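Everything below concerns the one structure shown next.
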Amino acid sequence: MYFLYEGTGFAFPATMARPARKDILGDGPATVHLVTRCHNEDFLLADPIVKGMLYFLLFTYKLVFNIAIYHYCFMDNHLHLILHVPSTEALSKFIHQVLSQLTPVIQDGRRFLVTMRYLDKNPIRAGIVSRATDYQWSSYGYYAYGEHNDLIDPAPEWLGLHKLPARRRKIYRELVNKLLGRGEERLPEMTTWYFIGDPDWVVGKMRKAGLVRPRKPPDLF
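Oh and the sequence shown: position 65 is 57 in our numbering, straight run, nothing missing.
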């Protein structure tokens, strides 16, 4: 069985062997959205001490493996990270040391900022807080208010919002709390197990990785 994404001309297998991480990331650098869920969805990260230890481990091993951490959000039963990794090998070693995960590659530019916004609204959707600024275990304070955070490497897309830091932080606060007028239209999005981005970009990545094949014409007889 294949799932067809309308308008792409490509069919996606409903069941298939999971490809190697290198097939998705390639050999060179990549920006990835890494998601980790606790076993059986248990709330193993609920204790602030556990979150603090996780923060320490991430800070330690990002330096060891030369990985940039652009964004993070620690929930009670899962966590999100946006990372820039120099190589597949570095990511594998980082994961081995810190956590097991799912890592979709994120499209650069506007899509990257949309993913950051999604992470910062996670605690609100979960009903933990009513405002992103009230949640301690995320990088929202760094990007929205300039709070010091040793774990974070500033994301290039965030730096590109404005040349003035104060204005840049204001734009990001508006992006998270109320979409800017120029961003209120819904972005065409396609999210798969391996990629997040515009449909054409995702299909191109999936095709390059050998995860899709051209749609077969229907049998006429």
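Just so you know, even glycine gets a beta-carbon here, dropped at the ideal spot from N, CA and C.
From a predicted model like this one, the values you see are computed outputs, not experimental measurements.
Candidates Pro21, Leu37, Gln128 and Pro96, of which the one nearest His76 by Cα
Reading the sequence shown from its first residue, position 84 is the one you call residue 76. Ranking Pro21, Leu37, Gln128 and Pro96 by Cα distance to His76 puts Pro21 first.
How close, in whole Å, do the beta carbons of Ile188 and Thr107 come, if the pair is a contact with beta carbons under 8 angstroms?
As a first step, residue 188 is located in the sequence shown; it is residue number 196 there, counting from the start. As a first step, residue 107 is located in the sequence shown; it is residue number 115 there, counting from the start. Contact holds; Cβ gap of about 6 angstroms.
Would you call the region 138 to 156 and the region 60 to 79 in contact, with 3 or more CB pairs under 8 angstroms?
yes
Would you say the region 127 to 134 touches the region 98 to 115, given that touching needs at least three Cβ pairs under 8 angstroms?
yes
Tell me the rounded alpha-carbon separation between Ile155 and Arg161.
Walking along the sequence shown from the start, residue 155 turns up at place 163. Walking along the sequence shown from the start, residue 161 turns up at place 169. The sequence shown places Lys at residue 155, not Ile. The straight-line gap from Cα to Cα measures roughly 11 angstroms.
Between which two residues does the beta strand (DSSP E) harbouring Val194 extend?
For the purposes of this step, residue 194 is identified with residue 202 of the sequence shown, where counting begins at 1. Where Val194 is concerned, there is no enclosing beta strand (DSSP E), although the alpha helix (DSSP H) it sits in stretches over Pro191 to Lys200.
With a threshold of 6 angstroms on Cβ separation, who are the neighbours of Ser92 within its own chain once the five nearest residues in sequence on each side are excluded?
For the purposes of this step, residue 92 is identified with residue 100 of the sequence shown, where counting begins at 1. For Ser92, the predicted structure reports a pLDDT of 47, less than 50, and the residue's modelled location is therefore unreliable. A value from the coordinates is still provided. For Ser92, where only same-chain residues beyond five positions count, there are no Cβ hits under 6 angstroms.
Cα separation between Tyr164 and Glu139?
Counted from its first residue, the sequence shown places residue 164 at position 172. Counted from its first residue, the sequence shown places residue 139 at position 147. Cα-Cα distance, rounded: 14 angstroms.
Those runs of the alpha helix (DSSP H) which lie wholly inside the region 104 to 151 and span at least 4 residues
114 to 117, 132 to 137 and 148 to 151
Quick one: what does DSSP say Tyr64 is sitting in, helix, strand or coil?
By one-based count along the sequence shown, residue 64 stands at place 72. DSSP places Tyr64 in strand when its eight states are reduced to three.
Under 6 angstroms Cβ to Cβ from Phe86, same chain only, skipping five residues before and after it: list those, please.
Reading the sequence shown from its first residue, position 94 is the one you call residue 86. The residues are Tyr53, Phe57 and Ile59.
Of the choices Val97, Lys43 and Arg123, whose alpha-carbon is the least far from that of Asn69?
Your numbering for residue 69 matches position 77 in the sequence shown. Residue Lys43 is the option with its Cα nearest to Asn69.
Express the C-alpha separation of Gly202 and Pro40 in angstroms, rounding to a whole number.
Here the question's residue 40 lines up with position 48 in the sequence shown. Here the question's residue 202 lines up with position 210 in the sequence shown. The straight-line gap from Cα to Cα measures roughly 42 angstroms.
For Leu83 versus Thr28, is the C-beta spacing smaller than 7 angstroms?
Here the question's residue 83 lines up with position 91 in the sequence shown. Here the question's residue 28 lines up with position 36 in the sequence shown. Not in contact: Leu83 and Thr28 (Cβ atoms no closer than 7 angstroms).
Roughly how many angstroms separate the alpha carbons of Leu167 and Phe66, rounded to a whole number?
Start at 1 with the first residue of the sequence shown, and residue 167 comes out as number 175. Start at 1 with the first residue of the sequence shown, and residue 66 comes out as number 74. Answer to the nearest angstrom: the Cα atoms are 20 angstroms apart.
Starting from Ala22 and walking both ways along the alpha helix (DSSP H), at which residues does that stretch end?
Within the sequence shown, the letter at position 30 stands for residue 22. Looking at the DSSP string, Ala22 is not in any alpha helix (DSSP H); the run it does join, the beta strand (DSSP E), is Ala22 to Arg29.
Rounded separation between Gln99 and Leu73 - CA only:
For the purposes of this step, residue 99 is taken as the residue at position 107 of the sequence shown. For the purposes of this step, residue 73 is taken as the residue at position 81 of the sequence shown. Near 15 angstroms, if we compare the C-alpha coordinates of Leu73 and Gln99.
Which residues share a DSSP beta bridge with Leu167?
Numbered from 1 along the sequence shown, position 175 holds the residue referred to as residue 167. None; Leu167 has no bridge partner.
Using a Cβ-Cβ cutoff of less than 8 angstroms, which residues in the same chain neighbour Arg123 once the five nearest sequence positions on both sides are dropped?
To locate residue 123, count along the sequence shown from 1; it is residue 131. Closer than 8 angstroms at the Cβ level, and outside the excluded window around Arg123, lie Ile116 and Asn169.
Please classify Lys200: is it buried, with 16 or more other beta-carbons within 10 angstroms of its beta-carbon, or exposed?
Locating residue 200 in the sequence shown gives position 208, counting from the first residue. Lys200 comes out exposed.
Simplified DSSP state of His72, which is helix, strand or coil
As a working note, residue 72 is residue 80 in the sequence shown. Strand.
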